[in-house]
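Take UniProt numbering: the final residue in the sequence shown is number 164, and no numbers are missing along the way.
The beta carbon of each residue, even a glycine, is placed where N, CA and C say it ideally should be.
Right, one structure below, let's go through it.
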Amino acid sequence: MEECLAYNYKQENGTCQLMPTADLSKAEPDEEFQIIRKKITCIDQPCMHGGTCHDEPTSVNDFRGYKCTCPCGRCGPNCNKLHFGQVENACIYLFNAGYQKVKSQQECMSFCWDTQGCRSADYINSQGACWLNSVTGDEEPLTMDCDKWYPGVAYLFFNCTCDA
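Now the structure itself:
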């Protein structure tokens with residue numbers, strides 16, 4: 001039996017037609033069937049931001065024939081979601097790796113992700129300032145009273161554990 005690369009699905013009664021081709025231009029769907037899905041595999045390079053792809057079997061309910069193992073700081077089926085945590089009123093001194101004005105913590109961590117050598121960041125909400133750090137709070141101790149000098153500061157770090 002050939003591998004199923006696409007299918008037609010009839011929603012009203014749950015009937016599926018499996019198709020042995022991924023070339024949807026050659027597919028001939030029945031008018032009663034509504035959805036055609038191409039099986040996506042690692043050859044399609046679906047994993048983003050340095051994620052590692054692993055081929056997996058598909059089912060008629062899931063056209064994703066792969067699973068991404070995401071690097072620390074990225075989550076989601078394709079590693080497309082930035083994932084970070086924060087410690088309020090804390091920062092790291094003397095390990096600067098860059099600076100930029102930003103509008104949010106999300107934008108600050110996107111800047112960090114895109115900057116070589118950035119490991120964490122200090123975001124000062126009142127100033128819209130993003131200070132990048134070349135170390136993490138695991139490597140250097142956090143200063144826990146930074147809010148005295150920078151009201152609204154938060155230490156931001158890449159979270160390596162994705163929610164299921």
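Proximity of residue i and residue j at Cβ, strictly below 8 Å
i	j	result
Y150	S120	no
C75	P46	no
T115	G98	yes
M48	C79	yes
D145	N89	yes
N- and C-terminal bounds of the beta strand (DSSP E) containing residue i
i	result
C70	Taken as a continuous stretch (DSSP letters only), C70 belongs to no beta strand (DSSP E), as it is neither H nor E.
H54	T52 to D55
Which residues DSSP lists as bridging residue i, in chain order
i	result
C75	K81
I43	In DSSP, I43 forms no bridge with anything.
Rounded distance between the beta-carbons of residue j and residue i, thought under 8 Å
i	j	result
I40	G65	6 Å
D122	V153	6 Å
residue 165	C70	Lying outside 1 to 164, the shown extent of the chain, residue 165 is not represented and no answer is given.
### Query
What runs of the alpha helix (DSSP H), each 4 residues or longer, lie entirely inside the segment 81-153?
You should have 105-114.
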